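Trainee: Supplied in structure tokens, the structure appears directly below.
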Amino acid sequence: MRQNRILAISDIHGCYDEFIELLDLVEYNSSEDQLILLGDYMDRGKNSREVIYYVKELVEVHHAIALKGNHDKMFCDWLDDPIGQKERYFRNGAQETITSFLGQVRLDDISDSTYKAWAKEIIESNEELISFMKELPLFYEINDIIFVHAGINPEHNDWKMTNEHEMVWIRDPFLQADLPFDQTFIHGHTPAINLHDKADIFYGNKKIGIDGACVYGHQLNCLEIKNDQYREYFVKSKESNWKDE
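According to full-length UniProt numbering, the stretch in the sequence shown is residues 1 to 245, in order.
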């Protein structure tokens, strides 16, 4: 029997086909492998609904671990406050997510009542999913390895004092710090291509960045951890048409 592995994947962003292909590539077996997903299952990519429902199944049926990312939080925040949160959320790829739940939507000349109606319809049709998303944990710890979406605040004596906003949004204060902790932090959020000019997994000092920027046309990465050794797998993006405004 294959010895137990940890498989970490982050920032799927609606890239359902690549996600399935990557799990096939690594020969994921839920009875032997611990799958850890580091958040950002939705937005920008066109199959966000399919991804998050499959993530829910992986957690509830196959004992995977799924963490919360900033996009997952933005989605839930928008559902709770569709007017107050609309500008921030719809700047960050919400249209693709809403379309995946409701069918094609247009953003030109939309009234506040339309935003409210969209949120209401999604909530009423996906109550269990939304409860699942709101309850996603912020980090997962195995021995001396910490899995988290964005990172932690290195100014705290205890990294667990990092608040929710920082764990899903932090960048430079974490990325540029010489971490005073003994653990290694495996994270997504900041694309590896922004850390070392390529989409392959970035290995830093006590930090490993695994976001391959798949939704931007690069790749979806998987970090395998087995017997304290690292191995990486990736699947190339099938689409490359999403760009930040």
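Using N, Cα and C, we set each Cβ at its ideal position, and we do this for glycine too.
The structure displayed is predicted, hence computed values, not measured ones.
(1) Check whether the Cβ atoms of Met161 and Ala150 lie closer than 8 Å to each other.
(2) With His196 as the anchor, note down where its alpha helix (DSSP H) starts and where it stops.
(3) Tell me, which residues are paired with Ile146 by DSSP?
(4) Taking a contact to mean a Cβ-Cβ separation below 8 Å, would you say Phe101 touches Ile130 in this structure?
(5) Check whether the Cβ atoms of Ala117 and Trp78 lie closer than 8 Å to each other.
(6) Among Asp228, Leu35 and Lys56, which has the Cα closest to the Cα of Asn126?
(7) Whether or not the stretch 47 to 61 and the stretch 212 to 229 are in contact is what I'm after, with contact meaning three or more pairs of Cβ atoms, one per stretch, closer than 8 Å; do they touch?
(8) From the DSSP output, in three-state form, read off Glu245 for me.
(9) Which whole runs of the alpha helix (DSSP H) in the stretch 52 to 114 are 4 residues long or more, in chain order?
(10) By Cβ distance, which residues of its chain are closer than 6 Å to Pro191, with the 5 residues on each side in sequence left out?
(11) My output table needs one value for Ile122: the three-state DSSP class, helix, strand or coil.
(12) Going by C-alpha to C-alpha distance, which of Leu138, Glu155 and Asn153 sits closest to Phe147?
(13) Report yes if the CB atom of Leu136 is closer than 8 Å to the CB atom of Asp72, and no otherwise.
(14) Measuring CB to CB, does Gly14 end up less than 8 Å from Arg44?
(15) Which whole-angstrom value is the C-beta distance of Leu25 and Leu67, which I expect to be below 8 Å?
(16) Under 8 Å between the Cβ atoms of Asp144 and Gln183?
(17) Measure how close the beta-carbons of Asn70 and His189 come, nearest whole angstrom, since I'm counting them as under 8 Å.
(18) Please classify Lys86 as buried or exposed, where buried requires at least 16 neighbouring CB atoms within 10 angstroms.
(19) Drop a sphere of 10 angstroms on the beta-carbon of Val215, count the other beta-carbons inside from all chains shown, and report buried for 16 or more, exposed for fewer.
(20) Helix, strand or coil for Cys15 per DSSP?
(21) Taking DSSP as the reference, what is the three-state secondary structure of Ala199?
Mentor: From the atom records:
(1) For the purposes of this step, residue 161 is identified with residue 161 of the sequence shown, where counting begins at 1. For the purposes of this step, residue 150 is identified with residue 150 of the sequence shown, where counting begins at 1. Taking 8 Å as the Cβ cut-off, Met161 and Ala150 do not qualify as a contacting pair.
(2) Translated into positions along the sequence shown, residue 196 becomes position 196. Note, His196: alpha helix (DSSP H), Ile193 to His196.
(3) Counted from its first residue, the sequence shown places residue 146 at position 146. Its beta-bridge partners are Glu141 and Phe185.
(4) Locating residue 101 in the sequence shown gives position 101, counting from the first residue. Locating residue 130 in the sequence shown gives position 130, counting from the first residue. The answer is no: Cβ separation not under 8 Å.
(5) Here residue 117 refers to the residue found at position 117 when the sequence shown is read from its first residue. Here residue 78 refers to the residue found at position 78 when the sequence shown is read from its first residue. The answer is no: Cβ separation not under 8 Å.
(6) Sequence index remark: in the sequence shown, residue 126 carries index 126 (1-based). Taking only the C-alpha atoms, the option nearest Asn126 is Lys56.
(7) no
(8) For the purposes of this step, residue 245 is taken as the residue at position 245 of the sequence shown. Reliability of the predicted coordinates at Glu245 is poor, the pLDDT of 40 falling under 50, and no value is obtained from them.
(9) 70 to 80, 86 to 90 and 94 to 102
(10) Here the question's residue 191 lines up with position 191 in the sequence shown. So the qualifying residues of the chain are Asp211 and Ala213.
(11) Within the sequence shown, residue 122 is the residue found at index 122, counting from 1. Three-state result, Ile122: helix.
(12) The sequence position of residue 147 within the sequence shown is 147, counting from 1. Here the closest residue by C-alpha is Leu138.
(13) What you label residue 136 is simply residue 136 of the sequence shown in a count that begins at 1. What you label residue 72 is simply residue 72 of the sequence shown in a count that begins at 1. Yes, they are a contact pair.
(14) Position 14 of the sequence shown, counted from the start, is the residue given in the question as residue 14. Position 44 of the sequence shown, counted from the start, is the residue given in the question as residue 44. Going by C-beta atoms, Gly14 is nearer than 8 Å to Arg44.
(15) Taking the first residue of the sequence shown as position 1, residue 25 is located at position 25. Taking the first residue of the sequence shown as position 1, residue 67 is located at position 67. Going by Cβ atoms, the distance from Leu25 to Leu67 rounds to 22 Å, so no, they are not a contact pair.
(16) On the sequence shown, position 144 is the one that residue 144 refers to. On the sequence shown, position 183 is the one that residue 183 refers to. A contact, by the Cβ cut-off of 8 Å.
(17) Numbered from 1 along the sequence shown, position 70 holds the residue referred to as residue 70. Numbered from 1 along the sequence shown, position 189 holds the residue referred to as residue 189. Confirmed, about 7 Å.
(18) In the sequence shown, the residue the question calls residue 86 occupies position 86. It is buried - the Cβ of Lys86 has at least 16 other Cβ atoms within 10 Å.
(19) Numbered from its first residue, the sequence shown carries residue 215 at position 215. Answer is buried; the Cβ neighbour count reaches 16.
(20) Residue 15 sits at position 15 when you count from the first residue of the sequence shown. In the structure shown, Cys15 sits in coil (DSSP, three-state: anything other than H, G, I, E or B).
(21) Working through the sequence shown from its first residue, we reach residue 199 at position 199. Coil, per DSSP.
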